[in-house]
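**Student:** The following block contains the structure, expressed as structure tokens.
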Amino acid sequence: MLKAYLNVFVFQGVILYVLSLPLFFMMTAEPYPLHWWHYLGLLVWLIGAFYEVVGDWQLQQFKANPANKGKLLTTGLWSTTRHPNYFGEALSWWGIYLLSITSVVSLSGIIGPLGITLLLLFVSGVPLLEQKYKDRPDFQAYAAKTAKFFPGIKKNA
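Residue numbers (the numbering used here): 248 to 404.
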């Protein structure tokens with residue numbers, strides 16, 4: 248029981264804390280003048296939120312249509328990347344990180360978006376779905392012409 252508690256709850260709590268460091272720095276910072284990276288962070292966050300929300304919405308709309316059962320969504324944002332919702336989530340965290348930079352100490356918050364991006368790319372999300380669909384001919388054709396994660400970069404297919 249203790250082992251399960253440590254492995255599941257404590258481990259996840261530590262990971263959650265580390266990945267949310269940018270939010271911690273942003274919420275505890277003294278008033279700080281805005282710099283160019285804060286505006287860039289807002290733009291990056293907005294683009295990420297757009298990809299995540301619209302990608303999820305497009306997928307939900309696609310799945311709601313019975314005529315699409317067993318088919319792949321390859322239009323809209325899904326034509327620019329095979330995982331627009333995951334790309335958007337990662338990008339949102341990079342935007343939050345840029346918004347959180349108020350001091351040299353807050354630079355250590357890079358572990359948050361870096362960790363999220365690495366988890367999505369190599370542990371959960373992308374690898375699980377790629378593995379699930381890899382043997383489908385329609386997915387193979389889709390993967391050959393659509394970026395895996397970063398829109399417009401087909402080398403990561």
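Backbone N, C-alpha and C define an ideal beta-carbon position, used for all residues, glycine too.
Tell me which same chain residues have a C-beta within less than 7 Å of the C-beta of Leu208, skipping the five on either side of it?
**Tutor:** Given a span of 248 to 404 for the chain in the structure shown, any question on residue 208 remains unanswerable.
**Student:** Can you list, in chain order, the residues of its chain with a C-beta nearer than 6 Å to that of Ser353? Leave out the 5 residues immediately preceding and following it.
**Tutor:** Locating residue 353 in the sequence shown gives position 106, where the first residue counts as 1. Cβ within range, chain order: Phe272, Ser347.
**Student:** Specify whether the stretch 336-343 and the stretch 289-297 touch according to this definition: at least 3 beta carbon pairs, one from each stretch, less than 8 Å apart.
**Tutor:** A contact exists between the stretch 336-343 and the stretch 289-297.
**Student:** If you draw a straight line from the C-alpha of Phe297 to the C-alpha of Trp325, how long is it?
**Tutor:** Translated into the one-based positions of the sequence shown, residue 297 becomes position 50. Translated into the one-based positions of the sequence shown, residue 325 becomes position 78. Their backbone Cα atoms lie some 13 Å apart in a straight line.
**Student:** Throw me the rounded Cβ distance for the Arg329 and Ala390 pair, which I believe falls under 8 Å.
**Tutor:** Taking the sequence shown and counting its residues from 1, one reaches residue 329 at position 82. Taking the sequence shown and counting its residues from 1, one reaches residue 390 at position 143. Correct: roughly 7 Å between the Cβ atoms.
**Student:** Since I believe Tyr333 is in contact with Val370 (beta carbons under 8 Å), could you give me their beta-carbon distance rounded to a whole number of angstroms?
**Tutor:** Taking the first residue of the sequence shown as position 1, residue 370 is located at position 123. Taking the first residue of the sequence shown as position 1, residue 333 is located at position 86. At roughly 12 Å, the Cβ-Cβ gap does not stay under 8 Å, so Val370 and Tyr333 are not in contact.
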